[in-house]
Amino acid sequence: MKIDRRSFLSLGIGGAAGIVLSPLPWKLMDDSAIWTQTWPWTPVPPKGDATYVNSACTLCPGGCGISVRKIDERAVKIEGIKGHPVNDGGICLLGLSGLQLLYGPTRIKTPLKRDGERGAGKWIEISWEEAISNVAEKLGDLRKNGKSGSVAFISGIDKSTVPALFKRFLSVYGSSGFMRMPSAADSYELAVYHSLGLKAQLGFDIENSDFVLSFGSGIIEGWGSPVYMMRANGNLRKTGGKIIQIEPRLSNTAAKSNKWIPLNPGTEYALALGLADVIITKSLYNRDYINNSTSGFGEFAAFVQSLYSPDKVEKITGIKKDIIETLAVDFIKAAKPVAICGRGQGRAQSSLGEVIAVQALNALVGNINRKGGAFTVSDPGYFSLPGVISGKMAETKPANIFINDVNSGKCTANALFIYEANPLYSLPDSNSVKEAFAKIPFIVSFSSFMDETAMNSDLVLPNHIYLERYEDVYIGSIPKPVVSLLKPVVNPQFNTKHTGDVIIQIAKKMGSSLADSFRWDSYDSFLEKALGDKWKVLSEESFFEDKKAAELSLKKFDFTGDFSDFKSLFLDLNAQGNPDKYPLVLIPYDSVRIANGYIGNPPFVVKTVEDTALKEKDIFVEVNPVTAKALGLLEESSAMIETPKGKAKVKIHLFEGIMPGLVAMPRGLGHSAYDKYIAGKGINVNELIGTIEDPASGLDAGWGIRAGLLKC
Amino acid sequence: MKEEKNNKNAKKFGMVIDLDKCTGCGTCMVACMSENNIPFKEDESNKLYSITWMRVYRLTNGKSYPDTDICYLPRPCQHCGGRGDHGHSPCVSVCPATATDYSKETGIVSQIYTRCFGCRYCMAACPYHARYFNWWDPVWPKGMEKYLSPNVSVRMRGVVEKCSFCFHRYQLAKDKAYYENRSEIEENEYQTACAQACPSGAIAFGDLNNPAHAVCELKKNKNAFRLLERLQTNPKVYYISGRQWVRHAGDNHLKRDS
Chain X
1 MKIDRRSFLS LGIGGAAGIV LSPLPWKLMD DSAIWTQTWP WTPVPPKGDA TYVNSACTLC
61 PGGCGISVRK IDERAVKIEG IKGHPVNDGG ICLLGLSGLQ LLYGPTRIKT PLKRDGERGA
121 GKWIEISWEE AISNVAEKLG DLRKNGKSGS VAFISGIDKS TVPALFKRFL SVYGSSGFMR
181 MPSAADSYEL AVYHSLGLKA QLGFDIENSD FVLSFGSGII EGWGSPVYMM RANGNLRKTG
241 GKIIQIEPRL SNTAAKSNKW IPLNPGTEYA LALGLADVII TKSLYNRDYI NNSTSGFGEF
301 AAFVQSLYSP DKVEKITGIK KDIIETLAVD FIKAAKPVAI CGRGQGRAQS SLGEVIAVQA
361 LNALVGNINR KGGAFTVSDP GYFSLPGVIS GKMAETKPAN IFINDVNSGK CTANALFIYE
421 ANPLYSLPDS NSVKEAFAKI PFIVSFSSFM DETAMNSDLV LPNHIYLERY EDVYIGSIPK
481 PVVSLLKPVV NPQFNTKHTG DVIIQIAKKM GSSLADSFRW DSYDSFLEKA LGDKWKVLSE
541 ESFFEDKKAA ELSLKKFDFT GDFSDFKSLF LDLNAQGNPD KYPLVLIPYD SVRIANGYIG
601 NPPFVVKTVE DTALKEKDIF VEVNPVTAKA LGLLEESSAM IETPKGKAKV KIHLFEGIMP
661 GLVAMPRGLG HSAYDKYIAG KGINVNELIG TIEDPASGLD AGWGIRAGLL KC
Chain U
713 MKEEKNNKNA KKFGMVIDLD KCTGCGTCMV ACMSENNIPF KEDESNKLYS ITWMRVYRLT
773 NGKSYPDTDI CYLPRPCQHC GGRGDHGHSP CVSVCPATAT DYSKETGIVS QIYTRCFGCR
833 YCMAACPYHA RYFNWWDPVW PKGMEKYLSP NVSVRMRGVV EKCSFCFHRY QLAKDKAYYE
893 NRSEIEENEY QTACAQACPS GAIAFGDLNN PAHAVCELKK NKNAFRLLER LQTNPKVYYI
953 SGRQWVRHAG DNHLKRDS
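Listed below in structure tokens is the structure:
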């Protein structure tokens, strides 16, 4: 057939028209569109039945009630329990991220034994049986050699049943080395013991107060029980209550307060005494309360009037004396004022003098155990361990004092067990903690996650995480303490074991008196027995208010703290370092968006960290523009920060909300362990700061350290 | 153009955020991430590439120490109705694929991922930076995909996403109501994840048309304002602040504007 121009064109056009009219191009286009969007590596979450399980959160000491949404056997969302006395439906960002920890890459999947150098990250997977006999053997040897006393426990919590098992174990074994991680609670408990003669914590009724005088406490930044406090702050505002925030840096709490009063860091105690002086001099205090319920008032009054007049306090704190006078009058004239202290989230101890001075203000208004005031909360009474054991029950001590004692040789530790704590990361002066750890030949971690401390231990016996186990959770830092029950929301994801079970099994393996004191089959059966009639309430309701702990008969408030020389309580504790070499002062600050306790930030929480605190791997320190200008530093300049404890490269963020002469660094960054979503980001401020020993109590009163910033 | 529905039952879901109560804690951001299967990367410090349907901005008054002040401002999608609530929101007007649409029934601006082909016109059009583009495939570390919710589709590389006012929760609540033979849902049956989680109770959510809902009264507060009102985007997110400088910042006045 001859192809002429006409037939060529008609064939071409006809063919093209045919193709266009056929479904082929449309089908291909559609297919390619679908193909570009249905790549098999984009997960499609399987459907299933939705259920909710009520439990509690243990990621911080807050004790919120949580309700976990499940799709079949998968946990998909954590929410707050509506009506729970701590959080009433609210929740925080760390609590919301719990499932990233549950299913995350940082979980320890099976018991591990160190292989090679400590901290090298080389492990041999072992069976639970081997792990338990390993520990039992080691403890047996130490006991045989008369070294029982050199065994120590560091725990993140100390009031509930698992620490009670630790204490029982230690008592029967013959050691008194039970430690908890340091916090403002140490200082508070000591202050309550000295001034009220009680063994109790203090819970503050912020919600019902109308005037909160906060000496640097981050009420909305995770102080005490974070969600409880944020709620209390909201309710306080609803009723027109006021918050006065006193601290050298404009924290979120300061920004949200009715008045921010910056003061020289570390002089909080002097301001409290100065306010007391104004109140006493003007005779504005609660006479009834002072006459009937306190002692030592005369001595205290004479002391503050001679040494802490507004003029003198102005010199110490840098706050103008007329501001001090107005503040004192406003405080005392409010209907339900309350004074609180414990810097930031209250994760660090304070000097005893500071807490007693602030509590003296509460005594002057007579608000102790009064609505809107400070409530004394005794140790929990909701559970009892059956059977009497011989020997003295181990007392709780702060872990930082233990570290000091190991370093100074005052105490020898041959074995250390660590539960829900990360001392190697979270204690100040990281180098001294490392030094102490190096002196301890046998370290066992119960951590569920590969944190810094687990990395540096000899044996890791991973616990179920809080979403996989039964356990009681006690929260006593609020006016009415609350007990909640952890319930296994999902089955254990890995070859982990409840630490309660591990302790019981170690005791059984060791035999004799220890086996006799731990006769339970499992932790769960122990818990049920220890809780008695409360078990039913807890397993049905998942929480209850422990009213017994709040019912305390009060003794008199002793203004002198029962010290013969109470004046020595109140001292200016200078930051470590020579001001000539280190012209600035470094203070750590807490942010609710950076978890700084035992748990490192999960990926979602890292995502919320502002780019003025962390950019790529660099941490930013806050500096006042005036200070920065003098040093030739601009926004985002690189600089070297140096303190007597160490140095590190940082970037500069100019912040008008910080007192000139100070440098502020966030707590909670600079992890070296965990996963790539948190490790290697920024600097751990604990490597740069040291401790300041409070001579009155031996606790750490450190609030900062001298520092130098050099452009680089 | 779509047909105007004269539905008396038309809802107008909206939010009132009390900036005086907001503490800037960031819980709303994470509540949103965990509710809506939002992915994360190893480094999220470049906020241009960090997907946060709800983002908390930090505002300062620009004054020097010690008069400086901070305010936090949570920013979900504003679900603009456009002038007269006709649905001409900036993003809907420019989408060539009808991947984003305005619902006259709920007032919610939707985003249909499978229709979106990633031209990002809507991102350019949105004055609130509420839209995010998936530059990479979402990757969850091994095992972590177990927490993904089946109620929200996981997005793929190459599409735009944004806050949906947790629309799936509205669907679930409606399903439940239908099953129980009710035609209406209660205020507390449909709450966004951020409003539910906020520990300070700063976020209120509900039907702006329904006088029984808290938001209806709250938006009448004399200190209530919306972001960039002069653009007439008619957003459904209201803010309350007793601080004048914050209200002023909300309208983004430049210095020369007086």
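If you're matching them up, the sequences are chains X and U in order.
Each step along the first sequence adds one to the number in the working numbering, with nothing skipped, and position 587 is 587.
Each step along the second sequence adds one to the number in the working numbering, with nothing skipped, and position 76 is 788.
For glycine and all other residues, C-beta sits at the position ideal for the given N, C-alpha and C.
Quick caveat: nothing in here was measured; it's all calculated off a predicted structure.
At a beta-carbon threshold of 7 Å, the residues of chain U lying near F604 (chain X) are V742, M745, S746, F752, ordered along the chain. In the assembly as shown, G799 (chain U) is a buried residue. Its beta-carbon has 16 or more other beta-carbons within 10 Å.
The C-beta of L943 (chain U) comes no closer than 8 Å to any C-beta of chain X. Look at the region 250-325 of chain X and you find these whole runs of beta strand (DSSP E), each 3 residues long or longer: 259-261. Listed by position along chain X, the residues whose Cβ is nearer than 8 Å to that of Y859 (chain U) are R74, A75, V76, K77, L99, Q100, L102, Y103. Taking 9 Å as the cut-off between beta carbons, the residues of the region 253-283 of chain X near chain U are T253, A254, A255, K256, W260, I261, P262, in sequence order. In this structure, DSSP gives C783 (chain U) an extended state, which the three-state scheme calls strand. Between A374 (chain X) and V329 (chain X), the C-beta gap is not smaller than 8 Å, which leaves the two residues out of contact.
If one requires a minimum length of 3 residues, the beta strand (DSSP E) runs lying completely within the region 742-815 of chain U are 767-772, 782-787, 812-814, in chain order. By the Cβ rule, the region 222-235 of chain X counts as touching the region 55-67 of chain X, because three or more pairs are nearer than 8 Å. X:A628 is the residue among X:A17, X:A628, X:A673 whose C-alpha sits nearest the C-alpha of K651 (chain X). Here C712 (chain X) is exposed, its C-beta having fewer than 16 other C-beta atoms within 10 Å. Remark: C-beta atoms of C906 (chain U) and A743 (chain U) approach each other more closely than 8 Å. Taking 3 residues as the minimum length, the beta strand (DSSP E) runs contained wholly in the region 552-616 of chain X are 584-589, in order along the chain. Taking every protein chain shown into account, the CB of K759 (chain U) has fewer than 16 other CB atoms within 10 angstroms, so this residue is exposed. Q908 (chain U) has a beta carbon lying within less than 8 Å of a beta carbon in chain X. Assigned with DSSP and collapsed to three states, I658 (chain X) falls in strand. Secondary structure of H925 (chain U) (DSSP, three-state): coil. Looking at X:A575, X:V135, X:K256, the one whose alpha-carbon comes closest to that of L112 (chain X) is X:V135.
Under the Cβ criterion of 8 Å, P850 (chain U) is counted among the residues facing chain X.
For E79 (chain X) and V605 (chain X), the gap between their C-alpha atoms comes out near 16 Å. Annotation note: the region 32-75 of chain X contains no uninterrupted alpha helix (DSSP H) run of length 4 or greater.
Taken in chain order, the complete beta strand (DSSP E) segments of 3 residues or longer contained in the region 350-400 of chain X are 374-378, 396-398. Per DSSP, reduced to three states, the secondary structure at I689 (chain X) is coil, with no helix or strand assignment. Between S214 (chain X) and I246 (chain X) the beta-carbon gap is near 7 Å, inside 8 Å, which marks them as a contact. Taking C-beta atoms under 8 Å as the contact rule, T110 (chain X) and E125 (chain X) qualify, at a distance of about 5 Å. For F559 (chain X) and Y419 (chain X), the gap between their C-alpha atoms comes out near 37 Å. Nearest C-alpha to Y761 (chain U) among X:K615, X:S637, X:P625: X:K615.
Cβ-Cβ separation between V444 (chain X) and L461 (chain X): approximately 6 Å, consistent with a contact (criterion under 8 Å). Among the residues of chain U, none has a CB under 7 Å from the CB of C57 (chain X); the nearest is roughly 12 Å distant. In this structure, the alpha-carbon of P786 (chain U) lies about 27 Å from that of R343 (chain X). DSSP places V626 (chain X) within a helical segment (H, G or I) once states are collapsed to three. Exclusion of the five residues before and after W520 (chain X) leaves I504, F526, K529 as the residues of its chain whose Cβ lies within less than 8 Å of its Cβ.
In the structure shown, the three-state DSSP call for M181 (chain X) is coil. Within the same chain, and ignoring the five residues on either side of S127 (chain X) in sequence, the residues whose Cβ sits closer than 8 Å to its Cβ are P111. No residue range can be given for I683 (chain X), since it is assigned to no alpha helix (DSSP H) and is classified by DSSP as neither H nor E.
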